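Here is the structure we will look at, set down as structure tokens.
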């Protein structure tokens, strides 16, 4: 029962999981077809809007009664939402199609200057297309609505992006640094273009967990990949900055199935690794990897939660042990390390000191790496007690306590009224973006 409660906390916090999503069948997808699918190549420039349509009304509300088409009532923020498709580029330079949602409050912007746009990068939702935020928007708890609502309440435009292969052809390249960072940047471009807004309109990035890694990557890729964007501030909560450390931490915990998402994604993006993995994985391990590719995170919790990857290998050793012996795999993991490029705008990094999913030390190191390059970084340790390690509570709780802080941090960066924020139950005296602090 404790595991089920913790899973609910994790998925609600990440905006990741929806009730009623179907689990994959026992057979799973054919492993060869999983990685060898012919991908449709998008010729449009990155950030081009390919299509759009009205979003279904969400069953949740903002303050009691709002709807995606602005038809709600009561004391709430009404807004209009659309689902759209846009062009991006993967790490190999191929044009790819990705989905997203844009939500705009129906009330006028109350502050000076243009209304800012906040691009939300989702936390772990799974690897199946059915899990994508654009596919689940309008369902109870879907579409990252728990992260979207507080931002809409502040008056921001909000863009929620899917990822490459999530809700689109191909394998979702989970926690792939370049794929995710470029997708976030192109979601920003498209999120402005869909309403004819200037490319230099004020932008913020917001993400936690997988989303924190995606926004951290976007922050440091922005100046080279999308220099025209006016990135004002980034929130990177519990960022997946060092995948080797994250892999070791989550092996054996409730969401260890995410390791399978990462393996599947890197085998799709890095074909030269497939023969190595073929030698490492047992027949059972190969079947599990295939089945995980069809899962949302709640399916994976039920399938392999609290298991260890030593049950996936031919010799009973963990995947971490195997990966460390292969320079090719080490190089890929190292190439996905975030922190070697300088963000072009202030960043708030937040991580629970007792996070049982995303190691605290690698998030702090990310902040220190950026500071060493002269970036403007604020690092906030969330002092959440150590609770039921392995169940994800230590990962979910910092987002719950830190989201208000992050919302007001963004508001302050945009120069609008800063309401008192609290973290860990006390008033925050956090400085505005500027000097590094730890």
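In my numbering, the protein residues as written are 67 to 504.
Heads up, the beta-carbon is just placed ideally off N, CA and C, and yes, glycines get one too.
Owing to the predicted nature of the structure, the values given are computational and were not obtained by experimental measurement.
Skipping 5 residues on each side, what residues in its chain have a beta carbon closer than 6 Å to that of residue i?
| i | result |
| --- | --- |
| residue 402 | 243 and 309 |
| residue 284 | 247, 250, 251 and 271 |
| residue 446 | 416 |
| residue 314 | 386 |
| residue 371 | 320 |
| residue 235 | 105 and 106 |
| residue 346 | 379 and 388 |
| residue 257 | 168, 183 and 225 |
| residue 217 | 184 and 224 |
| residue 286 | 407 and 409 |
| residue 504 | 445 |
Starting from residue i, trace the beta strand (DSSP E) both ways and give me its first and last residue.
| i | result |
| --- | --- |
| residue 274 | 268-274 |
| residue 215 | Segment 211-219 is the alpha helix (DSSP H) holding residue 215; no beta strand (DSSP E) there. |
| residue 163 | 161-171 |
| residue 418 | 413-418 |
| residue 565 | Outside the displayed range of the chain (67 to 504) lies residue 565, so it cannot be described from this structure. |
Within its chain, find whatever has a CB closer than 8 Å to the CB of residue i; leave out the 5 residues flanking it on each side and keep chain order.
| i | result |
| --- | --- |
| residue 337 | 101 |
| residue 464 | 303, 304, 416, 417, 418, 421, 448 and 450 |
| residue 161 | 107, 108, 109, 110, 112, 153, 154 and 155 |
| residue 329 | 343, 355 and 385 |
| residue 260 | 115, 118, 148, 150 and 168 |
| residue 507 | Nothing in the structure corresponds to residue 507, since the chain is present only between 67 and 504. |
Quick one: what's got a C-beta closer than 7 Å to residue i's C-beta in the same chain, skipping five residues either side?
| i | result |
| --- | --- |
| residue 398 | 332, 336 and 339 |
| residue 420 | 450, 451, 452 and 460 |
| residue 376 | 382, 383 and 384 |
| residue 281 | 187, 250, 271, 272, 273, 300, 301 and 302 |
| residue 279 | 241, 246, 305, 306, 307 and 404 |
| residue 394 | 338, 339 and 342 |
Going by DSSP, what residue range makes up the alpha helix (DSSP H) through residue i?
| i | result |
| --- | --- |
| residue 243 | 243-259 |
| residue 312 | 309-316 |
| residue 320 | Where residue 320 is concerned, there is no enclosing alpha helix (DSSP H), given that its DSSP letter is neither H nor E. |
| residue 390 | 385-390 |
| residue 395 | 393-401 |
| residue 300 | No alpha helix (DSSP H) holds residue 300; the beta strand (DSSP E) holding it covers 296-303. |
Checking the sheet assignment: what are the DSSP bridge partners for residue i?
| i | result |
| --- | --- |
| residue 379 | 347 |
| residue 362 | 192 |
| residue 503 | 444 |
| residue 186 | 226 and 272 |
| residue 482 | None; residue 482 has no bridge partner. |
| residue 203 | Answer by DSSP bridge pairing: none, since residue 203 is not bridged. |
| residue 155 | 161 |
| residue 332 | In the DSSP output, where bridge partners are listed per residue, residue 332 has none listed. |
| residue 148 | 120 and 168 |
Query raised in the report: Would you say the region 208-215 touches the region 337-355, given that touching needs at least three Cβ pairs under 8 Å?
Result: no
Query - At least 3 beta-carbon pairs within less than 8 Å: the region 465-484 vs the region 413-431 - result: yes
Query raised in the report: Is the number of C-beta pairs between the region 317-329 and the region 433-445 that are closer than 8 Å three or more?
Result: Three or more Cβ pairs closer than 8 Å define a contact, and the region 317-329 falls short of that threshold against the region 433-445.
Report task. Please determine if the region 345-357 and the region 293-306 are in contact, where contact requires at least 3 C-beta pairs separated by less than 8 Å. Result -> no
Query - Any 3 or more C-beta pairs closer than 8 Å across the region 255-265 and the region 424-435 - result: Contact fails: fewer than three Cβ-Cβ distances are below 8 Å.
Report task. Taking only runs that begin and end inside the region 427-477, name each unbroken alpha helix (DSSP H) of 4 or more residues, in chain order. Result -> none
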